[in-house]
Structure formats: C-alpha cells, structure tokens
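**Q** Quick one: the structure is below, and I'll ask about it shortly.
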Amino acid sequence: MNRSAIRVLLLLTILLTCLAYGQQQPQAPPAAHNDVVIKNAIVTTVTHGEIQNGSVYIKDGKIVAVGENVNAPSSATVIDAGGKYLTPGIIDSHSHIALDDDVNEATSPVTPQMMMMDAFDYQDKAIYRALAGGVTTSLLLHGSANMIGGQAIVIKHKYGENRDAMLFPGAPRSIKFASGENPKRVYGSRDQLPSTRMGNFEVQREALVQAQEYMRDWDAYNEKVKNGDKNAKAPKRDLKMDALADVLRGKIMVQIHCYRADEMLTEMAMAKEFGYKLRAFHHALEAYKVADKIAANNVGIATFADWWGYKQEAWDAIPWNAVMSMRKGVRVAIKSDSEDFTRRLNQEAAKTMRYGGATEEEALKMITINPAWIVGVDDRVGSIETGKDADLVIWDGYPLSSYGVPNKVFIDGDVYFDRSLPGYGMPHFKGGE
Numbered sequence: 018m019n020r021s022a023i024r025v026l027l028l029l030t031i032l033l034t035c036l037a038y039g040q041q042q043p044q045a046p047p048a049a050h051n052d053v054v055i056k057n058a059i060v061t062t063v064t065h066g067e068i069q070n071g072s073v074y075i076k077d078g079k080i081v082a083v084g085e086n087v088n089a090p091s092s093a094t095v096i097d098a099g100g101k102y103l104t105p106g107i108i109d110s111h112s113h114i115a116l117d118d119d120v121n122e123a124t125s126p127v128t129p130q131m132m133m134m135d136a137f138d139y140q141d142k143a144i145y146r147a148l149a150g151g152v153t154t155s156l157l158l159h160g161s162a163n164m165i166g167g168q169a170i171v172i173k174h175k176y177g178e179n180r181d182a183m184l185f186p187g188a189p190r191s192i193k194f195a196s197g198e199n200p201k202r203v204y205g206s207r208d209q210l211p212s213t214r215m216g217n218f219e220v221q222r223e224a225l226v227q228a229q230e231y232m233r234d235w236d237a238y239n240e241k242v243k244n245g246d247k248n249a250k251a252p253k254r255d256l257k258m259d260a261l262a263d264v265l266r267g268k269i270m271v272q273i274h275c276y277r278a279d280e281m282l283t284e285m286a287m288a289k290e291f292g293y294k295l296r297a298f299h300h301a302l303e304a305y306k307v308a309d310k311i312a313a314n315n316v317g318i319a320t321f322a323d324w325w326g327y328k329q330e331a332w333d334a335i336p337w338n339a340v341m342s343m344r345k346g347v348r349v350a351i352k353s354d355s356e357d358f359t360r361r362l363n364q365e366a367a368k369t370m371r372y373g374g375a376t377e378e379e380a381l382k383m384i385t386i387n388p389a390w391i392v393g394v395d396d397r398v399g400s401i402e403t404g405k406d407a408d409l410v411i412w413d414g415y416p417l418s419s420y421g422v423p424n425k426v427f428i429d430g431d432v433y434f435d436r437s438l439p440g441y442g443m444p445h446f447k448g449g450e
C-alpha cells in the first residue's frame, strides 16, 4: 500500500472515531429558564395575598409552584431576591408606542380593516423603556381620530427579539372605537361628517347597520351553497365589512375612547342594540358619575390617575374617579397613553391609595390583573399563580413608590431586563441587528 492510500485510511479512521465520540456525549443542557427558582422574595401574588420570604418555581416559562417553599429539582437555577418585592409584570392596557406616526388612519371616520400589526416597529426604544419600568405586556391601539378605528395588537416587551417573538401568542382581538371631541374635531375641521356628537353616533350606527346587511348577504349565500345551489353567487368581499362582521359576531372586543358620562350610556346602549362585546371605556374620566351602570354591563375602564383639564371633555375629571368606580364594582385599570407615563405606571397606580384610599392590593390590581382582563389575557398574566406565564418583576424598593425601580424583569421565565448588567441591562439585545 502506497503512502497516499495510508494517509487516506488514517484520515478516515480519525474521522469515524470523532463521529463515534460525539454521539456518545450527553445532550446540551436545556436553556437556563427551563428550571428557575426565585427565592427569598416578598411574593405579591395580587390575587392570593402576599407571601413573606416566598419562592416561585418556573419551568419552561410557566409558573409551576408558589409558596414559602417549592419543590424544584436541584439542577434548577436559583435567583436569590434578597428580600425584595416580587410582583407580576405590569400590563399597559392603552398604549401607542412602537406605532410611530402611523397610529391614526384619519382619512375616513370608519377604518376597522386597518391593522396596527402593519405599523408595529418592534425596534422602537419605547418598548425597552417601558420594560425597564416593569411593563411586560401592552395593548397597542389605533388612535382616536375615527369613530371606528383599526385593530390592535398585544405585545410582550421582549426587547431585542424579532418582531414575531414579541407578539402575545393567542391574545384575543380588540378594535378601537372613539367618541367625543376627537373625531368631530378631525372631520369637522374638513366640513365633513361627523362634525358633532350626533354625527359621531350616526356614522357609527350606519357602519354597524351596513355590517348587519353584509352578514345577512353572506349567510344567505352560505346557506344556498350548503343546500347544493351551484348557481349561488357570492357577495362582493369587503375588508371593512369583514372586520365589522367579526365585531358583531363577538370575535373582536371593542375598546372605546370615551370621556363623558352621557356618551358612555349611549355606547353601552348601542352595544346592546347590535350585540357586540364592549370590553372597556378608555380614559373614562366621568365614569364615577355612571359607575353603577358601567359595572352592571360588565364593562371595565382604563383611566388616568389624575389627568385633568387638558380639553373640555376632561373638565369634570377628578383623581378619585378610579377608586369611586372600583367601589361600585367596575374593573379599573390605570394606563399610560404615553411613552413617558408607561415607565412609571407603578407610581400612577400608587396615587389611587392617596386619592380614594385604595389598598396596596387594589392599587396593584389596577396595573396587573385588571388591565390583563381588559386586554383579554388574564388567564395568562396579571398575577402570580400556578399555570400562568412567568412574567415577573423583582423590585429595588417598595413597588408602589417613586423609590421602587425594577431590578430584574422576567418574560416567559427569561430575564429581559437586569439593572445590574453593564450598559442598559439588556441581555437579549444585540446592537446592529
């Protein structure tokens, strides 16, 4: 055998040996968040009280156990909270971050076919700033130029991930309606309908009637097809009417920008008339005047803590609105509607303890489980309970205080913000990508 043949045989032998050795090696360990225990924390569950020196066991991004002691494998990563507060991640039920200047399609008062997903800028730094303030989930809404605006998206603040990774999986659909000054100002300044509150509601009602007719036409066509009619002609497809038909079928929750008490009564009456799901009034600064009726209709409110007087509709605003409405049985959320305020929703919620005497738990509910219900994801987030997503915040300082700042923020069990890291504390962000 010549030298060339010997070399080839030797190389083949080495290669086969390396392959065999590689197959015998154990599999790489799972990602660190697969088994994590946060211990030595003041666990503020929001729905089941507070656990001093408590622990939370997380597996595969879900909360598996909560208590003074939890059973977890010895291989689990342990994070010692050092006696700090642990709360659910904050949920902002009214935000326009990451939508740039595309928040309003102000070319028509009725645009339900618009999708905020198409305007979503997943690289917007406001997502990071809110994350650093403890916000883990936000509802990104169309603006309030239109009586019927576009469809919202729900995001998790996984800053540094790709766009699709930020979308909240399985979150229900919401659409933005708006009554009052905004739509009448936008279109009234152009001398077109609507320019008054009467015009606002006429435009909304007319669009819903058209959607009813559209549904009837399609139902009739589908019935003919079902009965074997080969000559049945399908109605013309209309994306605007498709969206409104889904509203009327209860497939899309309605979130309404609304300030005045009289308009809330009108909107609730219209929801009953057409049979759609009115989920919450947003802003809702006069909710305290009709809180009993809002509660009776199982409608929530997403409001400000103390904004007042910035336009006529806000003239009767009072900082006691949130607590007065809550005491009447309304689900109340404190929301931002602001790139700035979303970073300090913990402090905004704390104001309800000063104005109205909300308890600590009630104040926390206004930025966790209550907004989670408004968004429609309260079965997944908003409290520290077994089976829920591990979206959590460890706080430096008391969370309902200006001294309370997030130390670590977890989303689906992974740390997405860590104040102790150099730079901006972003373990998942890679510059230039």
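Numbered by my numbering, the letters in the sequence shown go through residues 18 to 450 in order.
Built from N, CA and C at the ideal position, the CB exists for glycine as well.
These numbers were taken from a predicted model, which means no experiment stands behind them.
Are the CB atoms of valine 316 and alanine 331 within a distance shorter than 8 Å?
**A** If you number the sequence shown from 1, residue 331 lands on position 314. If you number the sequence shown from 1, residue 316 lands on position 299. Cβ atoms of alanine 331 and valine 316: not closer than 8 Å.
**Q** Report buried or exposed for aspartate 354, applying the criterion of at least 16 other Cβ atoms within 10 angstroms of its Cβ.
**A** Working through the sequence shown from its first residue, we reach residue 354 at position 337. Label assigned to aspartate 354: buried.
**Q** Across the stretch 389-400 and the stretch 112-121, are there enough close Cβ pairs to call them in contact, namely three or more that are closer than 8 Å?
**A** No: the two stretches stay apart, fewer than three of their Cβ pairs being nearer than 8 Å.
**Q** Once the 5 residues before and after alanine 389 are set aside, which same chain residues still bring their CB inside 7 Å of it?
**A** Looking up residue 389 in the sequence shown gives position 372. Once the five neighbours on either side are set aside, the close Cβ partners of alanine 389 are Ile108, Asp395, Val398 and Gly399.
**Q** Below 8 Å between beta carbons: does that hold for glutamine 114 and alanine 143?
**A** On the sequence shown, residue 114 is found 97 positions in, with the first residue counted as 1. On the sequence shown, residue 143 is found 126 positions in, with the first residue counted as 1. Contrary to the premise, residue 114 reads as isoleucine rather than glutamine in this sequence. It is a contact, given that the beta carbons lie within the stated cut-off.
**Q** Would you identify the three-state DSSP class for tryptophan 412, choosing helix, strand or coil?
**A** Here residue 412 refers to the residue found at position 395 when the sequence shown is read from its first residue. Strand, per DSSP.
**Q** Take valine 81 as the anchor and find which of Glu356, Asp406 and Asp263 has the nearest alpha-carbon.
**A** Position 64 of the sequence shown, counting from 1, holds the residue named residue 81. The alpha carbon of valine 81 has as its nearest neighbour, out of Glu356, Asp406 and Asp263, the alpha carbon of Asp406.
**Q** Which residues in the same chain have their Cβ closer than 8 Å to the Cβ of glutamate 198, if we skip the five residues on either side of it in sequence?
**A** Along the sequence shown, one-based indexing puts residue 198 at 181. If we look at glutamate 198 and ignore the five residues flanking it on each side, its Cβ neighbours are Tyr276, Lys328, Gln329 and Glu330.
**Q** In or out: asparagine 239 buried (at least 16 other Cβ within 10 Å) or exposed?
**A** For the purposes of this step, residue 239 is taken as residue 222 along the sequence shown, with counting starting at 1. Asparagine 239 should be labelled exposed.
**Q** Note the first and the last residue of the continuous alpha helix (DSSP H) segment covering isoleucine 386.
**A** Counted from its first residue, the sequence shown places residue 386 at position 369. Isoleucine 386 -> alpha helix (DSSP H) spans 386-392.
**Q** With valine 392 and glycine 151 assumed to form a contact (beta carbons below 8 Å), what rounded beta-carbon distance in angstroms separates them?
**A** Residue numbering aside, residue 392 sits at position 375 when the sequence shown is read from its first letter. Residue numbering aside, residue 151 sits at position 134 when the sequence shown is read from its first letter. Valine 392 to glycine 151, Cβ: 16 Å. No contact.
**Q** Which term fits asparagine 363, buried or exposed, when burial requires 16 or more other beta carbons within 10 angstroms of its beta carbon?
**A** As a working mapping, residue 363 is identified with position 346 in the sequence shown. It is buried - the Cβ of asparagine 363 has at least 16 other Cβ atoms within 10 Å.
**Q** Would you mind sorting aspartate 408 into buried or exposed? The rule is 16 or more other CB atoms within 10 Å of its CB.
**A** Indexing the sequence shown from 1 puts residue 408 at position 391. Buried: at least 16 other Cβ atoms inside 10 Å.
**Q** What span of residues does the alpha helix (DSSP H) with glycine 205 cover, start to end?
**A** For this step, residue 205 is matched to residue 188 along the sequence shown. Unbroken alpha helix (DSSP H) run through glycine 205: 198-205.
**Q** Measuring alpha carbon to alpha carbon, tell me which residue in Met133, His111, Pro126 and Tyr74 is nearest alanine 147.
**A** By 1-based counting over the sequence shown, the position of residue 147 is 130. Nearest to alanine 147 by alpha-carbon distance, out of Met133, His111, Pro126 and Tyr74, is His111.
**Q** Skipping 5 residues on each side, what residues in its chain have a beta carbon closer than 6 Å to that of leucine 381?
**A** Position 364 of the sequence shown, counting from 1, holds the residue named residue 381. Once the five neighbours on either side are set aside, the close Cβ partners of leucine 381 are Val63.
**Q** To which residues does DSSP link alanine 58 through a beta bridge?
**A** Position 41 of the sequence shown, counted from the start, is the residue given in the question as residue 58. For alanine 58, DSSP records a beta bridge to Gly71.
**Q** Apart from the five residues just before and just after alanine 339, which ones in its own chain have a Cβ nearer than 7 Å to its Cβ?
**A** The sequence position of residue 339 within the sequence shown is 322, counting from 1. So the qualifying residues of the chain are Thr320, Ala322, Val349, Ile351, Thr369, Gly373 and Met383.
**Q** Does the Cβ of proline 439 have 16 or more other Cβ atoms within 10 Å, making it buried, or fewer, making it exposed?
**A** Counted from its first residue, the sequence shown places residue 439 at position 422. Sixteen is the threshold: since fewer than 16 other Cβ atoms of the shown chains lie within 10 Å of the Cβ of proline 439, the residue is exposed.
**Q** Roughly how many angstroms lie between the CA atoms of leucine 157 and lysine 294, to the nearest whole one?
**A** Your numbering for residue 157 matches position 140 in the sequence shown. Your numbering for residue 294 matches position 277 in the sequence shown. Going from the Cα of leucine 157 to the Cα of lysine 294 covers about 19 Å.
**Q** Note the first and the last residue of the continuous alpha helix (DSSP H) segment covering threonine 369.
**A** Position 352 of the sequence shown, counting from 1, holds the residue named residue 369. Start and end: 362-371.
**Q** With a floor of 4 residues, list each alpha helix (DSSP H) that falls wholly inside the stretch 291-321, ordered by position along the chain.
**A** 308-313
**Q** How many angstroms separate the CA atom of glutamate 67 from the CA atom of aspartate 357?
**A** Start at 1 with the first residue of the sequence shown, and residue 67 comes out as number 50. Start at 1 with the first residue of the sequence shown, and residue 357 comes out as number 340. C-alpha separation (whole angstroms): 29 Å.
**Q** Mind pulling the beta strand (DSSP E) runs of 3 or more residues that sit fully within the stretch 77-107?
**A** Qualifying beta strand (DSSP E) stretches, in chain order: 79-84, 94-97 and 102-105.
**Q** Which same chain residues end up closer than 8 Å to leucine 103 when comparing Cβ atoms and leaving out the 5 residues on each side of it in sequence?
**A** Translated into positions along the sequence shown, residue 103 becomes position 86. Closer than 8 Å at the Cβ level, and outside the excluded window around leucine 103, lie Ile55, Ala58, Ile59, Val60, Thr61, Gly71, Val73, Ile401, Leu409, Val410, Ile411 and Trp412.
**Q** Please give the ranges of any alpha helix (DSSP H) in the stretch 237-297, keeping only runs that are unbroken, at least 4 residues long and fully inside the region.
**A** 256-265 and 278-291
**Q** Who pairs with phenylalanine 427 in a beta bridge, going by DSSP?
**A** The residue you call residue 427 lines up with position 410 of the sequence shown. According to DSSP, phenylalanine 427 bridges with Leu409 and Val432.
**Q** Secondary structure at leucine 210, three-state DSSP: helix, strand or coil?
**A** The residue labelled residue 210 in the question sits at position 193 within the sequence shown. Three-state result, leucine 210: coil.
**Q** In whole angstroms, what is the alpha-carbon distance linking lysine 447 and proline 105?
**A** If you number the sequence shown from 1, residue 447 lands on position 430. If you number the sequence shown from 1, residue 105 lands on position 88. Answer to the nearest angstrom: the Cα atoms are 26 Å apart.
**Q** Which of helix, strand or coil does DSSP assign to valine 398?
**A** Position 381 of the sequence shown holds residue 398. Coil.
**Q** For alanine 339, report the span of its alpha helix (DSSP H) as first-last.
**A** Within the sequence shown, the letter at position 322 stands for residue 339. Where alanine 339 is concerned, the enclosing alpha helix (DSSP H) stretches over 338-344.
**Q** To the nearest angstrom, how far is it from the Cα of glycine 187 to the Cα of isoleucine 172?
**A** For the purposes of this step, residue 187 is taken as residue 170 along the sequence shown, with counting starting at 1. For the purposes of this step, residue 172 is taken as residue 155 along the sequence shown, with counting starting at 1. In a straight line, the C-alpha of glycine 187 is about 11 Å away from that of isoleucine 172.
**Q** Could you round the C-beta distance between alanine 224 and isoleucine 165 to whole angstroms and report it? I think they count as a contact, below 8 Å.
**A** Counting from one through the sequence shown, the residue named residue 224 turns up at place 207. Counting from one through the sequence shown, the residue named residue 165 turns up at place 148. Yes, alanine 224 and isoleucine 165 are in contact; Cβ-Cβ is about 6 Å, under 8 Å.
**Q** Kindly indicate the opening and closing residues of the alpha helix (DSSP H) around arginine 146.
**A** Taking the first residue of the sequence shown as 1, we reach residue 146 at position 129. 142-149 is the extent of the alpha helix (DSSP H) around arginine 146.
**Q** Can you tell me which of Lys247, Lys241 and Val226 puts its alpha carbon nearest to the alpha carbon of valine 127?
**A** Indexing the sequence shown from 1 puts residue 127 at position 110. Selected option, being the one with the closest Cα: Val226.
**Q** Out of curiosity, what's the CA-to-CA distance linking proline 200 and isoleucine 192?
**A** Position 183 of the sequence shown, counted from the first residue, corresponds to residue 200. Position 175 of the sequence shown, counted from the first residue, corresponds to residue 192. Spanning the two alpha carbons is a distance of roughly 16 Å.
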